[in-house]
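Residue numbers (full-length UniProt numbering): 1 to 139. Every residue gets a Cβ at the ideal spot worked out from N, C-alpha and C, and that includes glycine.
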């Protein structure tokens, strides 16, 4: 009677899918299902015989798992470096464009300064220096 109850429990465990399991990889899910199937054949974890083949397969699966995790970490690191490099080049290009605009405006200011009188030139120079300091501060 007890073994019949254990079998029913083992069969119901197969069908349960928890939220944690939805984000697991396909390989991991297959491993869980295979383990549950083997345990259900013996109806209890303590009844599963431990052999050399079982232990070697456990070691091999652990090695494969750790290699896969390392590969995923390296891929994420490569992607992160690529996006950071792209952001850095975009930032350098934007700063270069800003410097060009500042230089263009400075050239325009000097041209307009030549047209003004001395009193107006002094006010204009003060305004230009203020704007130039603000522009350099923001770069």
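So, with DSSP's three-state summary, where would you put residue 128? Here residue 128 carries a helix assignment [DSSP, helix/strand/coil].
Between 99, 27 and 133, which has its C-alpha nearest residue 61's C-alpha? Residue nearest to residue 61 within the set 99, 27 and 133 is 27 (criterion: CA-CA distance).
Which residues mark the beginning and the end of the alpha helix (DSSP H) in which residue 50 is found? Per DSSP, residue 50 lies in no alpha helix (DSSP H) and is assigned neither H nor E.
Helix, strand or coil for residue 140 per DSSP? Lying before the first or after the last residue shown, residue 140 is absent from the chain, which here runs from 1 to 139.
In this structure, does DSSP put residue 25 in helix, strand or coil? Here residue 25 sits in coil by DSSP.
To the nearest angstrom, report how far apart residue 131 and residue 124 are at their CA atoms. Each residue's Cα considered, the two are about 11 Å apart.
Quick one: Cα of residue 128 to Cα of residue 69, how far? Distance between the alpha carbons of residue 128 and residue 69 is about 58 Å.
At the level of alpha carbons, what is the spacing between residue 134 and residue 89? Taking the Cα positions, residue 134 is about 24 Å away from residue 89.
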